[in-house]
Amino acid sequence: MEWQDISGSSILIPPYPIAIIHFLGGAFVGTAPNLTYRWLLEQLGQSGYAIIATPFVNTLDHLAIARSVLNRFENILDRLQTQNIIKQRYLPIYGMGHSLGCKIHLLIGSLFEVERAGNILISFNNYPVRRAIPFLEQIDIDNSLNLEFTPCPEETQTIIAKDYDIRRNLLIKFRKDTIDQTLILQPLLEERFPNMISLLNLPGNHLTPLGQELNWEAGEVFTPLDAVGQWVKQNLSRDLYGLKQEVLRWLNPGQSALINS
Numbered sequence: 006m007e008w009q010d011i012s013g014s015s016i017l018i019p020p021y022p023i024a025i026i027h028f029l030g031g032a033f034v035g036t037a038p039n040l041t042y043r044w045l046l047e048q049l050g051q052s053g054y055a056i057i058a059t060p061f062v063n064t065l066d067h068l069a070i071a072r073s074v075l076n077r078f079e080n081i082l083d084r085l086q087t088q089n090i091i092k093q094r095y096l097p098i099y100g101m102g103h104s105l106g107c108k109i110h111l112l113i114g115s116l117f118e119v120e121r122a123g124n125i126l127i128s129f130n131n132y133p134v135r136r137a138i139p140f141l142e143q144i145d146i147d148n149s150l151n152l153e154f155t156p157c158p159e160e161t162q163t164i165i166a167k168d169y170d171i172r173r174n175l176l177i178k179f180r181k182d183t184i185d186q187t188l189i190l191q192p193l194l195e196e197r198f199p200n201m202i203s204l205l206n207l208p209g210n211h212l213t214p215l216g217q218e219l220n221w222e223a224g225e226v227f228t229p230l231d232a233v234g235q236w237v238k239q240n241l242s243r244d245l246y247g248l249k250q251e252v253l254r255w256l257n258p259g260q261s262a263l264i265n266s
């Protein structure tokens, strides 16, 4: 199973996929999601999920980004089915986003007619432009320019509260994430879909989904350095493994229960 590039998006298709995940990364790191989120996405692929990771360049117009990535996703999906790369006639589709990717999925689910079995929203972030873009607050910018995202944070919350139409959602926040705004999003979604919103508070920080597995091969003789390497590997990997397990459990709770029994 290898990554393919189709129409500028990164595609990972297992032999017999059980569902499709449309993945959107965070600001800046979302431009190459098959690299920055490689380990997590490949683990989901190995578990039977087809991955369509749509890169995007962050601009002030988040509505335009939402429209663009949705159009690209639907065109790629049509192409995969037409070319018989995905043979199943119907597969459930899940949106999965990290940080800014959450906001884009929320706009898609609010403003466009899409069919989704659910959304996985990791480390939701909806800050105004001066806090969202590093160092912008330190730059002397003419305030008359009125730089702000479209829609702005307040407008985004209003749109979600009024129009968001994806019923089943998994919200994930990390305990050491200092820029997460999931607790602002949670009541907006619960007001629309009571008892359909799951919230997980996991070990980790805002960068946990970007983690990569650290390969440490011990030599023929196990040395103290090998012990340190194994300890570092276990501690760096623990949060990432936990995230993967919880995502898979939510996607397919019956299968997870069978594996853990």
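Under the working numbering, the first residue of the sequence shown is numbered 6, with each subsequent residue one higher.
From the three backbone atoms N, C-alpha and C, an ideal C-beta is built for every residue, glycine too.
Within the DSSP secondary-structure output, Gly-100 pairs in a beta bridge with His-27, Asn-124.
A contact is defined here as three or more CB-CB pairs under 8 Å, and the segment 162–182 meets this definition with respect to the segment 114–122. Each residue's CA atom was taken as its position, placing Lys-92 and Arg-136 some 45 Å apart.
Rounded to the nearest whole angstrom, the CA to CA distance from Asn-39 to Phe-28 is 10 Å.
DSSP, reduced to helix, strand and coil, places Ser-203 within a strand of the structure shown.
For Phe-129 against Leu-190, the beta-carbon gap comes to about 5 Å, under 8 Å, which counts as contact.
Collapsing the DSSP output to three states places Ile-56 in a strand. Under the 10 Å beta carbon count, Lys-167 is surrounded by fewer than 16 other beta carbons and is classified as exposed. In the structure shown, Phe-179 adopts extended strand secondary structure according to DSSP, grouped into three states. Around the beta carbon of Lys-181, a 10 Å sphere encloses fewer than 16 other beta carbons of the protein chains shown; the residue is thus reported as exposed. Apart from the 5 residues on each side of it in sequence, Leu-75 sits with its Cβ closer than 8 Å to the Cβ of Ile-113, Phe-117, Val-119 in its chain, given in chain order. Annotated three-state conformation of Asp-66 is strand, per DSSP. Under DSSP, Asp-10 forms a beta bridge with Ser-15. In chain order, Phe-179, Lys-181, Asp-182 place their CB closer than 6 Å to the CB of Asn-210, counting only its own chain and leaving out the 5 sequence neighbours on each side.
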